[in-house]
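Residue numbers (the working numbering): 9 to 527. Here is the structure we will look at.
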Amino acid sequence: MSNDNAMQAGPPPAGPDAAAGADHRWLILAVIALAQLMIVLDATIMNIALPSAQDDLGFSIVDRQWVVTAYALAFGSLLLLGGKLSDLLGRRAMFMTGLIGFAIASAVGGAAVNFGMLVAARAAQGVFGALLAPAALSLLAVTFTDTKERGRAFGVFGAVAGAGGAIGLLLGGVLTEYLNWRWCLYVNLIFAGIAVIGAVTMLHRQAPSSTRPRLDLPGAVLVSAGMFCIVYGFSNAALHNWHTPSTWGFLAAGVVLLAGFVWRQYTATEPLLPPRIVADRTRGGAYLTMLLAAIGMFGIFLFLTYYLQQTLGFSPLMSGVAFLPMVGCLVLASATANVVLMPRVGPRPLAPTGMLLAALGLVLLTRIGVDTGYASHVLPSLLIIGFGFGMVFAPVFNSGTFGVAPQDAGVASATINTGQQLGGSIGTSLLNTIFASTVTSYIATHVGPATLVNGRPSPELAGAAQIHGYITAFWWSAAILTVGAIAALILFRSGPLTQSGDQQPAEPPSATTTPATGD
């Protein structure tokens, strides 16, 4: 038995117990998916609630961004450390700690009486989310080892990860419109409570091994500080611009720190992120594909939400409902890709095709205008984008955790989550900056006596400038996804996923695994 909190292995269960074990695996999947949904929801659910929270607590528009940034900073900078702690201290322990801590932080945020209390609670959510996310994905990776079952499980997980942002917009609109903004945080208590009950019931602790690897503290400090600087630098670019010292200075510091982290991983006796994990072509391709997919996806959520509300006049609730067709297509494509196609062809045909489909959907979105409609110009694009991302997320999550030794499952899971989080930060800041500069340039080019009202651009000019900004952002997102498709085609190996010579199976065959053991 390895020393990494692996799941118990033993003789195959017989008779009714075997069936109970199989049932437990799928119940465990439900618990893991619920925890993942809670994390992904939090990336977008507060965006809908921010204007109401601002009115209630009385903070400025400039301060408003920190409600989002505080979560992203803590979550993104601590993910790799959280993944390693999951490997060292146990996946079940970190899963439970993350769930309970996330729920408490959500309760504090929902009860916030001032801006500082809300931001502190959001940062705490990020800290516990960094413990929870890699523990959840690594639990999934070691629970499902049979190829067919693994495909179904990762199909569900990928659908949740991909659709969670859109669901967050819908749920945020419902809660804000019919209750109040605080319920966008309180709702996590319901999710976490159900997941905790499931974890206590079905995830059983294994006795610790007599020998344990040590935590690479210098590596942990370097990567946490580096990720903090990168995420802060990109977030600051969205708030200000790329030329301010607080933007390029933090980005430069982040690059230096992460370079130091890479050097440390090649020289440390027990590295935080063993280079063998990223060096594998398929896993490396999965991490890069996730990064680029997240950049493009945030362009869709961010600017399409603006277009629906500010141009078409949709309410927050109707904006969330407008994304539901995309969610349905994403879930359908995710299940089909991972269950039917992945075991036959592997990730190489799926991920590039999915990225290109999503890019095509974004190109079609460039047809929007001030007077265009949802059904004619938005809905077809959302359907194509949903199918595209459904072919990307589940295979990428599956590939990014496939073939790692059990003691590396947590940090491998954290790496793919880091790609998703960093991609979101880059996408938000990069595309926001492009949008703002495009709008400013358009107004400067078209301004004149006929387009000024009381010395300011007329509503018609401002509306046309915004549309031009959205279209430019969609073109950039499509280009990024196309680059991602090329990278995935080059990096992913051909054929179904198989254990290569330098890989170790995540667990023994599923017939000999006790599925209800969490660590």
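Note that beta-carbon positions come from the ideal geometry of N, C-alpha and C, so glycine has one too.
Cβ atoms of residue j and residue i: under 8 angstroms apart, would you say?
i, j, result
"Ser114", "Tyr194", "yes"
"Leu148", "Leu37", "yes"
"Ala402", "Phe162", "yes"
"Gly166", "Gln429", "no"
"Ala207", "Val447", "no"
"Gln318", "Gln474", "yes"
"Leu391", "Met334", "yes"
"Gly418", "Gly91", "yes"
"Gly227", "Phe306", "no"
"Gln280", "Leu88", "According to the sequence provided, residue 280 is Leu. The question's Gln does not apply to it. Yes."
"Arg130", "Val75", "yes"
"Thr290", "Phe500", "yes"
"Gly431", "Leu299", "yes"
"Trp189", "Asp71", "no"
"Ser421", "Leu145", "yes"
"Val386", "Ala472", "no"
"Leu93", "Leu139", "yes"
"Ser485", "Ile308", "yes"
"Ser323", "Thr313", "no"
"Val404", "Ala294", "yes"
"Ala261", "Cys237", "yes"
"Phe443", "Phe311", "yes"
"Leu81", "Val239", "yes"
"Thr441", "Ala245", "yes"
"Leu107", "Ala203", "yes"
"Ala496", "Pro360", "yes"
Does residue i pass the burial test, meaning 16 or more other C-beta atoms within 10 Å, or should it be called exposed?
i, result
"Gly172", "buried"
"Pro517", "Any reading at Pro517 must be qualified, since the residue scores a pLDDT of 36, below 50, and its modelled position is unreliable; no value is offered."
"Leu225", "exposed"
"Lys156", "exposed"
"Thr52", "buried"
"Pro253", "exposed"
"Phe242", "buried"
"Thr184", "buried"
"Ala101", "buried"
"Thr453", "exposed"
"Met54", "buried"
"Ser68", "exposed"
"Gly181", "buried"
"Ile424", "buried"
"Pro282", "buried"
"Pro465", "buried"
With DSSP collapsed to three states, give me the class of residue i.
i, result
"Ala33", "Before going further, note that residue 33 is Arg rather than Ala in the sequence given. The answer is helix: DSSP assigns Arg33 an H, G or I state."
"Arg464", "strand"
"Ala470", "helix"
"Asn55", "helix"
"Ile285", "helix"
"Thr441", "helix"
"Arg160", "helix"
"Asn406", "helix"
"Pro504", "coil"
"Thr153", "coil"
"Ala233", "helix"
"Trp189", "coil"
"Gly427", "helix"
"Arg291", "helix"
"Gly1", "For residue 1 there is no data in the structure shown, the boundaries of the chain being 9 and 527."
"Asp64", "helix"
"Val168", "helix"
"Gly304", "helix"
"Phe322", "coil"
"Ile222", "The residue you asked about is not Ile; residue 222 is Arg in the sequence shown. Arg222: coil per DSSP, three-state reduction."
"Glu311", "Reading the sequence as shown, one finds Phe at residue 311 and not Glu. Phe311: helix per DSSP, three-state reduction."
"Leu211", "coil"
"Asp416", "helix"
"Phe331", "coil"
"Val447", "helix"
"Gly98", "coil"
"Gly456", "coil"
Which runs of the alpha helix (DSSP H), 4 residues or longer, sit entirely within the region 238–282? Segments of the alpha helix (DSSP H) lying fully in the region 238–282: 253–275.
Is the region 340–348 close to the region 389–404, with three or more CB pairs under 8 angstroms? Touching, yes, given that three or more Cβ pairs across the two stretches are closer than 8 angstroms.
When the Cβ atoms of the region 472–485 are set against those of the region 351–364, are three or more pairs found closer than 8 angstroms? Touching, no.
Contact between the region 228–247 and the region 262–273 is defined here as three or more beta-carbon pairs at a separation below 8 angstroms; is this criterion met? Put simply, the region 228–247 touches the region 262–273. At least three CB pairs are less than 8 angstroms apart.
May I have a chain-ordered list of the alpha helix (DSSP H) segments no shorter than 4 residues that lie completely inside the region 117–146? Listed in chain order, there is nothing to give.
Give, in chain order, every unbroken run of the beta strand (DSSP E) that is at least 3 residues long and sits entirely within the region 69–94. The region 69–94 contains no whole beta strand (DSSP E) run of 3 or more residues.
Restricting to runs no shorter than 4 residues, where is the alpha helix (DSSP H) found entirely within the region 333–400? With a minimum length of 4 residues, the continuous alpha helix (DSSP H) runs that stay inside the region 333–400 are 350–353, 355–373, 382–385.
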